[in-house]
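Residue numbering for the sequence shown follows full-length UniProt numbering, beginning at 1 and increasing consecutively.
Heads up, the beta-carbon is just placed ideally off N, CA and C, and yes, glycines get one too.
What follows is a single structure, written as structure tokens, with notes after it.
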Amino acid sequence: MKSVKAFAPATVANVSCGFDILGFAIDAMGDYVEVTLRDKPGLKVISIENDGGKLPWEVEKNTCAVAIQAMLDSYGKQVGMDISLRKGLPLGSGMGSSAASAVAALVAANRLLGEPFEKKDLLPFAIVAEKAACGAGHADNVAPSLLGGFVLIRDYHPLDVIKLPVPDGLYCTLLHPHFQLNTSDSRSVLRDSIPLKHSTIQSGNVAGFIAGLYQQDFGLISRSMRDVIAEPYRAVLIPGFYEVREALKGAGALGMGISGSGPTLFALSEGAEKSKEMARAAEEIYEGIGLGVDVHFSAINTVGAYVLEEKN
Numbered sequence: 001m002k003s004v005k006a007f008a009p010a011t012v013a014n015v016s017c018g019f020d021i022l023g024f025a026i027d028a029m030g031d032y033v034e035v036t037l038r039d040k041p042g043l044k045v046i047s048i049e050n051d052g053g054k055l056p057w058e059v060e061k062n063t064c065a066v067a068i069q070a071m072l073d074s075y076g077k078q079v080g081m082d083i084s085l086r087k088g089l090p091l092g093s094g095m096g097s098s099a100a101s102a103v104a105a106l107v108a109a110n111r112l113l114g115e116p117f118e119k120k121d122l123l124p125f126a127i128v129a130e131k132a133a134c135g136a137g138h139a140d141n142v143a144p145s146l147l148g149g150f151v152l153i154r155d156y157h158p159l160d161v162i163k164l165p166v167p168d169g170l171y172c173t174l175l176h177p178h179f180q181l182n183t184s185d186s187r188s189v190l191r192d193s194i195p196l197k198h199s200t201i202q203s204g205n206v207a208g209f210i211a212g213l214y215q216q217d218f219g220l221i222s223r224s225m226r227d228v229i230a231e232p233y234r235a236v237l238i239p240g241f242y243e244v245r246e247a248l249k250g251a252g253a254l255g256m257g258i259s260g261s262g263p264t265l266f267a268l269s270e271g272a273e274k275s276k277e278m279a280r281a282a283e284e285i286y287e288g289i290g291l292g293v294d295v296h297f298s299a300i301n302t303v304g305a306y307v308l309e310e311k312n
């Protein structure tokens, strides 16, 4: 093969109670990366679309190139590759934008090499790219984008990632208000320490949420979607947060939270129809406060990233 194009889906990280340890993938949106063999060794970014001119082209800064270079270092051969990125995700949205780019690049490059790595073994290379993009090598976006479904990151030393079941009929509604919230600002409002009481509550909610996934118990999932560590401090940075939450609850949401560091909000529901009703309810709230919003509703993506096209 001379060229491979791959897709990697958007993700929701934290999932309310699972701060920095839970994430899931959605079907609605994602990034596209095409990797082509070149005669000379080394990587080169040859095109970036739909980024508004904001993403770096330098191979040591571009998440696609950083991820592939980490993979090639482990592979033990320096292969020449041209990289083309088409963004399907807005930057700074809280939907795993940098993660999707890195993951799509890895899946394409790995196939181009004849798949010397199993899919799960690409994860450490994606984490290297996340660290280059965000300053911290978290896996709660890259792991679900790569593997699909719900993912638990139990530990990093050594890396221990567990794929969780997805209950039948579980849907996600994403609300992306038209303003940008920097990850650094979202991180800066968090506390360095938390009360023991809050730790106990959060632990119970994480355990309850995971148990709800395994038991397909939507009531338990709903009761467990409560974050007492990050959301109380980050919610004030997002206009209309509490009004939207009440509207979605009235429309049948199991729960609502902040996707990653925001400003995108996510809500889970049982069935596609409720997801559509929630979308309409949220649009009315945002119209009332004079803020534009992009609304997406989607089933949970259970397959993760995948190859779209191969060329000889």
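With a minimum length of 3 residues, the unbroken runs of beta strand (DSSP E) contained wholly in the segment 256-305 fall at 265-270 and 293-299. Taking a cut-off of 8 angstroms on C-beta distances, the segment 238-253 does not touch the segment 197-205, as fewer than three cross pairs fall below it. Note on geometry: alpha-carbon atoms of I285 and G260 lie some 22 angstroms from one another. Taking C-beta separations shorter than 6 angstroms and ignoring five residues to either side along the sequence, the partners of L37 in its chain run K2, following chain order. Distance from the CA of F209 to the CA of S224, rounded to the nearest whole angstrom, comes to 5 angstroms.
In summary, Q78 is exposed, with fewer than 16 beta-carbon neighbours lying within 10 Å of its beta-carbon over all protein chains present. By the criterion of a C-beta distance shorter than 6 angstroms, S93 is surrounded in its chain by H176 and T264, once the five residues flanking it on both sides are discounted. In this model, V15 and C172 are separated by some 11 angstroms (Cα to Cα).
If you look at L43, you'll find it in the beta strand (DSSP E) that goes L43 to E49. Within a 10 Å sphere around the beta-carbon of S186 sit 16 or more other beta-carbons, which makes this residue buried. Sequence-distant Cβ neighbours of K163 in its own chain, meaning closer than 7 angstroms and more than five residues away, are L147, G149 and V151. Counting every other CB atom within 10 Å of its CB across the protein chains shown gives I289 a total below 16, marking it as exposed.
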